[in-house]
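FYI, in my numbering the residues of the sequence shown are 12 to 334. In what follows, a structure is listed as structure tokens, so that the remarks can point back to it.
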Amino acid sequence: MKKKVLIVQPIHESGLKVFDDRFEVRVAPDPSVETVKREIKGVEGVIVRTAPFTREIIAAADSLKVIARHGVGVDNIDLRAATERGILVLNTPDANAVSVAEHTLTAIGALAKMVLPMDRATRRGDWEARNEYKAVDLDGKVLGLIGLGRIGSMVARKAAAAFNMQVIAFDPYVRPEVAAKNGAVLYEDLDRIFREADVISIHTPLTAETRGLVNGARLALMKSSAFLVNFSRGGVVDEEALYRVLKDGAIAGAALDVFEEEPPSRNHPLFELDNVLLSPHSAALTQECVVRMATGAARGVVEVLTGREPQFVVNTEVLKQQQ
């Protein structure tokens, strides 16, 4: 009998090709909780992108062995519920690092050089905007990283190589010598990062510990000339506090690829501002990266359902119980 696999949201066709005739693969009609609850019956493996994969869905599953996240963050998956049921949760941490790192450096450059405001001024015929140009050079400036994992480490190396930036970082799970290998000086005091950095870039998962980590008090520590970049998870930043400091000019600008609520409301206050660069959680969606995420997630499901040990397990305690 073929092993049933459910894909909650469509993935690149290269991921589908990973599955051979041992598997019956189908895509859910839509990613709503109610639909996935109906579709999950008899399913042994799941690939999920950004849709919520809740305790309710997991409770409705009668055969589920593995949930593979098409990406890195697993905050949309009820990890505790999956672990309680002995269901492995996988992700694809190697797939998106280069794409998000490149997007980060691109955004930092665009903010520093006022790319979008100058583009808009030129299109409306405001040639004299060049006399109000307040761009800055990044050479020698201080980049503060919150999170020095795969993506943060790559951003550190690229920022030093491309812009000659000095890199400081906060990550309680990284040793100073590891940070040094990536050209970063590790700080134990997070507030010091906010005080000293010319650009702060966030690369941390959303957890109970990191939710609201970037709050009004910390934003108030930033230089008025500084930029904030968040390409991690929206919940890490207090968006109301960020709106206030951007509107008041207390910081120079920000770039966001993620929001507390996705998609955000069309009348989101940040949309009013000219000093913020926005994108729809798309930093990892390059043509190359969607292939890496799709094939990586699919390979993980195949490995589990054919009795092999998968490479990237999030809830390793389940793996240990099965050994």
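Here a beta-carbon is modelled for each residue, glycine too, at the ideal position from N, C-alpha and C.
Mapping the DSSP letters down to three states, classify residue i as helix, strand or coil.
| i | result |
| --- | --- |
| residue 28 | coil |
| residue 212 | strand |
| residue 49 | helix |
| residue 13 | coil |
| residue 70 | helix |
| residue 232 | coil |
| residue 195 | strand |
| residue 248 | strand |
| residue 189 | helix |
| residue 44 | helix |
| residue 282 | helix |
| residue 152 | coil |
Report buried or exposed for residue i, applying the criterion of at least 16 other Cβ atoms within 10 angstroms of its Cβ.
| i | result |
| --- | --- |
| residue 282 | exposed |
| residue 196 | exposed |
| residue 249 | buried |
| residue 184 | exposed |
| residue 144 | exposed |
| residue 28 | exposed |
| residue 319 | exposed |
| residue 26 | buried |
| residue 60 | buried |
| residue 233 | buried |
| residue 327 | exposed |
| residue 188 | exposed |
| residue 277 | exposed |
| residue 191 | exposed |
| residue 173 | exposed |
| residue 151 | exposed |
| residue 12 | exposed |
| residue 244 | buried |
| residue 310 | buried |
| residue 76 | buried |
| residue 314 | buried |
| residue 235 | exposed |
Opposite residue i in the DSSP bridges: which residues?
| i | result |
| --- | --- |
| residue 264 | 238 |
| residue 253 | Paired residues: none, contrary to the question. |
| residue 56 | 16, 77 |
| residue 157 | 181, 213 |
| residue 288 | 266 |
| residue 294 | According to DSSP, which records beta bridges pairwise, residue 294 is partnered with nothing at all. |
| residue 35 | 15 |
| residue 64 | 88 |
| residue 324 | 101 |
| residue 225 | 248 |
The beta strand (DSSP E) with residue i in it runs from where to where?
| i | result |
| --- | --- |
| residue 180 | 177-181 |
Between which two residues does the alpha helix (DSSP H) carrying residue i extend?
| i | result |
| --- | --- |
| residue 162 | 161-174 |
| residue 309 | 298-316 |
| residue 204 | 201-207 |
| residue 330 | 327-333 |
Problem set entry | Any alpha helix (DSSP H) of 4 or more consecutive residues that is wholly inside the segment 74-144 | Qualifying alpha helix (DSSP H) stretches, in chain order: 90-95, 108-123, 126-134.
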